[in-house]
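In terms of our numbering, the sequence shown is residues 647 to 867. Here the structure is laid out as structure tokens; the discussion comes afterwards.
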Amino acid sequence: MLTIDAQPFTYRFELAHTALVIIDMQRDFIEPGGFGETLGNDVTRLQDIVPTARRVLEAWRAAGGWVVHTREAHAPDLSDCPPSKRLRGQPRLRIGDAGPMGRILVRGEPGSQIVPELAPREGELVVDKPGKGAFHATRLEWLLRRQHVTHLLFMGVTTEVCVQTTMREANDRGFDCLLIEDATESYFPAFKAATLAMLTAQGAIVGWTAQAESVIGSLVE
Ligand code: TIU
């Protein structure tokens with residue numbers, strides 16, 4: 647049993663039954679010209695977590711932990727993109743439109759790729775998801791259960807949208823979830839702070855949070 651110094655109290659997990667889930671660290675959210683920027687956001691904020699996320703990923707790989715990468719990305723014919731999602735708001739480009747990194751939020755396009763620093767390795771699971779939550783309309787739950795995974799460590803973007811939605815989905819499915827505070831980011835600092843607070847409130851109502859160094863430290867105990 648490994649332990650992480652976490653909020654609101656110590657998180658305990660067995661490496662063999664735990665997956666590191668990296669949410670949507672794609673060029674579409676992190677680089678100019680992608681989905682995140684078309685929504686009107688300053689995407690440079692998200693770039694700062696890449697080195698920290700990489701340190702966690704490398705430590706997790708060295709320990710032999712199981713890794714899952716998710717990508718928010720739609721089929722080229724947009725058959726898995728509800729009109730309510732495509733038509734919402736007034737973005738400069740909509741999902742499926744051609745942008746500087748290819749079609750916005752479409753599978754296989756340059757913008758939908760994970761940033762090179764965190765690129766998946768052979769043997770690591772990559773789940774394309776049409777929604778904000780990674781359990782919606784994917785085989786993620788089946789894959790985790792097949793590996794007897796009970797605990798999930800999360801990092802990625804954005805804290806209050808895809809990360810929080812996925813963590814809440816996982817919590818309701820009975821997984822013990824921890825979010826790595828300095829390896830997740832939002833376009834809105836206040837939303838990140840509020841999310842961390844609401845996840846851990848009421849005795850870890852959704853789950854735990856911890857610093858990357860605490861997570862890495864737990865692996866070399
Ligand atoms: N991955 C993810 O969080 N998708 C989003 O659309 N996030 C926003 O913050 N918009």
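Ideal Cβ positions, reconstructed from N, Cα and C, are used throughout, including at glycine. Please read all numbers here as calculations on a predicted model, not as lab measurements.
Asked: Whose C-alpha, out of Thr-804, Glu-763 and Asp-726, is nearest the C-alpha of Ala-783?; Found: Asp-726
Asked: Hey, out of Arg-814, Gln-672, Glu-768 and Leu-798, whose CA is closest to Ile-650's CA?; Found: Leu-798
Asked: I need the boundaries of the alpha helix (DSSP H) containing Leu-845, first residue and last residue.; Found: 835–850
Asked: Short of 8 Å in beta carbon distance, which residues of its chain neighbour Arg-701, apart from the five on each side in sequence? Order them along the chain.; Found: Ala-858 and Ile-862
Asked: Quick check: what's the CA-CA separation for Ile-750 versus Met-647?; Found: 43 Å
Asked: DSSP on Cys-727, reduced to helix/strand/coil?; Found: coil
Asked: When DSSP builds the beta bridges, which residues end up paired with Val-772?; Found: His-715
Asked: Indicate whether Pro-737 and Leu-685 have their beta-carbon atoms separated by less than 7 Å.; Found: yes
Asked: Does Gly-745 pass the burial test, meaning 16 or more other C-beta atoms within 10 Å, or should it be called exposed?; Found: buried
Asked: So which residues put a beta carbon under 5 Å from any heavy atom of the ligand TIU, going in chain order?; Found: Asp-670, Glu-718, Thr-804, Val-807 and Cys-808
Asked: Just the Cα atoms here: how many angstroms apart are Ser-860 and Pro-729?; Found: 42 Å
Asked: What are the boundary residues of the beta strand (DSSP E) that includes Ala-829?; Found: 822–831
Asked: According to the Cβ coordinates, are Val-773 and Asn-817 closer than 7 Å?; Found: no
Asked: By Cβ distance, which residues of its chain are closer than 8 Å to Met-747, with the 5 residues on each side in sequence left out?; Found: Arg-673, Asp-674, Glu-677, Gly-679, Gly-680, Glu-755, Pro-756 and Gly-757
Asked: Pop quiz: Phe-800 and Ile-669 are said to be a contact at Cβ under 8 Å. What is the actual Cβ separation, rounded to whole angstroms?; Found: 6 Å
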